[in-house]
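J.:
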Amino acid sequence: WSDPNELLKSISFDMNEKVYTSSLRALGIIDKIITGPFWRVIEKTENILDLNPVLLNMKLNLQDLSQDASPLLEGHLVFPGESVHKDEVYDSLFDNTNGAIFETYTQMALELSIGGMLLILERQAKDQLPGGIYYEPSETDQLRAAAAPTINTCSERDFAQLDVLMRLKPSASTTAYESVIMWTNNKTSTWLNSLLNSEKTPLLMMQENLHLK
């Protein structure tokens, strides 16, 4: 930058600090080895209670890695059955830095981050870990959990839509927001357009009559 402002100067300073760059590297390694594969395992799991062995495996690995994260720097797999996305980012994260201080900072950042992840896992997944009420689910529990989503993508998407609508239409009512989100998610327009006129007209008339009431 020929004439950097204070923000650019601050960013440039941070980029040259080993403490900051090693922390960023640690987050990248966690994504490649832990959270990325874990997310892909979740997406392929049909019943949320089938994740119990996966959660236990993750807990045991996090316990070990929170004490000594050096295996992660060597590419240790937390989920051996799940592939790791190897690309230029992966190569950069695991490239030999030849810097003992930088490697130590990275390991420290990994251990601190993983320690926090372990606390959250034990708190939020306690019912599915040893000693929890769903750790050894019965057949009835499995059936009841069949409809429970394993991911929260749908609800996250709903709130993203709500956030946009509240910015675009701040005076709209809650009912209006709900109607737009449901109309979008249910693809009502597509469904209506797929109907024959003889099927569509009675439905629209019925809805109009309900609205007038």
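Counting in my numbering, the sequence shown runs from 34 upward without gaps. All residues carry an ideal CB built from backbone N, CA and C; glycine is no exception.
Whole angstroms is fine: what's the gap from P37's alpha carbon to S125's?
T.: For the purposes of this step, residue 37 is taken as residue 4 along the sequence shown, with counting starting at 1. For the purposes of this step, residue 125 is taken as residue 92 along the sequence shown, with counting starting at 1. Straight-line Cα distance between these residues: approximately 27 Å.
J.: With DSSP run on the structure shown, which of helix, strand or coil describes K308?
T.: For residue 308 there is no data in the structure shown, the boundaries of the chain being 34 and 246.
J.: So, with DSSP's three-state summary, where would you put T130?
T.: Your numbering for residue 130 matches position 97 in the sequence shown. Here T130 sits in coil by DSSP.
J.: Following the continuous alpha helix (DSSP H) through A178, name the residue where it begins and the one where it ends.
T.: Reading the sequence shown from its first residue, position 145 is the one you call residue 178. Looking at the DSSP string, the run of the alpha helix (DSSP H) that includes A178 is 172–178.
J.: Which stretch, first to last residue, makes up the alpha helix (DSSP H) that contains A59?
T.: On the sequence shown, residue 59 is found 26 positions in, with the first residue counted as 1. It spans 51–63 - the alpha helix (DSSP H) in which A59 sits, taken as one unbroken run.
J.: Following the continuous alpha helix (DSSP H) through K202, name the residue where it begins and the one where it ends.
T.: Indexing the sequence shown from 1 puts residue 202 at position 169. First-last for K202: undefined, no H or E at that position.
J.: Out of L145, D128, V74, state which residue places its alpha-carbon closest to the alpha-carbon of D96.
T.: Looking up residue 96 in the sequence shown gives position 63. A small fix is needed here, since residue 96 is Gln in this sequence, not Asp. Nearest C-alpha to Q96: L145.
J.: Using a 10 Å radius around the Cβ and a threshold of 16 neighbouring Cβ atoms, would you call K42 buried or exposed?
T.: In the sequence shown, residue 42 corresponds to position 9, counting from 1. When all chains shown are included, K42 counts as exposed.
J.: Taking a contact to mean a Cβ-Cβ separation below 8 Å, would you say K65 touches F135 in this structure?
T.: For the purposes of this step, residue 65 is taken as residue 32 along the sequence shown, with counting starting at 1. For the purposes of this step, residue 135 is taken as residue 102 along the sequence shown, with counting starting at 1. It is not a contact, given that the beta carbons lie outside the stated cut-off.
J.: Count the other CB atoms, across all protein chains shown, that sit within 10 Å of the CB of Q157; report buried if there are 16 or more and exposed otherwise.
T.: Looking up residue 157 in the sequence shown gives position 124. The residue is exposed, with fewer than 16 neighbouring Cβ atoms inside 10 Å.
J.: Would you report the Cα separation of L228 and P86, rounded to the nearest angstrom?
T.: For the purposes of this step, residue 228 is identified with residue 195 of the sequence shown, where counting begins at 1. For the purposes of this step, residue 86 is identified with residue 53 of the sequence shown, where counting begins at 1. Between L228 and P86, the C-alpha separation is close to 46 Å.
J.: Within 10 angstroms of the Cβ of P163, are there 16 or more other Cβ atoms? Answer buried if so, exposed if not.
T.: The residue you call residue 163 lines up with position 130 of the sequence shown. Label assigned to P163: exposed.
J.: Whose C-beta lies closer than 6 Å to the C-beta of F192 among residues of the same chain, with five residues either side of it excluded?
T.: For this step, residue 192 is matched to residue 159 along the sequence shown. If we look at F192 and ignore the five residues flanking it on each side, it has no Cβ neighbours.
J.: Compute the Euclidean distance between the alpha carbons of G114 and L82, then round it to the nearest angstrom.
T.: The residue you call residue 114 lines up with position 81 of the sequence shown. The residue you call residue 82 lines up with position 49 of the sequence shown. Cα to Cα, the separation comes out at about 18 Å.
J.: Quick check on L228: does DSSP put it in helix, strand or coil?
T.: If you number the sequence shown from 1, residue 228 lands on position 195. Coil at L228, not helix or strand.
J.: Compute the Euclidean distance between the alpha carbons of L236 and R58, then round it to the nearest angstrom.
T.: Taking the sequence shown and counting its residues from 1, the one referred to as residue 236 is at position 203. Taking the sequence shown and counting its residues from 1, the one referred to as residue 58 is at position 25. So the two alpha carbons sit approximately 57 Å from each other.
J.: How far does the alpha helix (DSSP H) with T167 in it reach, from first residue to last?
T.: For the purposes of this step, residue 167 is taken as residue 134 along the sequence shown, with counting starting at 1. The residue asked about is misnamed: residue 167 is Tyr in this sequence, not Thr. Element bounds for Y167: n/a, residue is neither H nor E.
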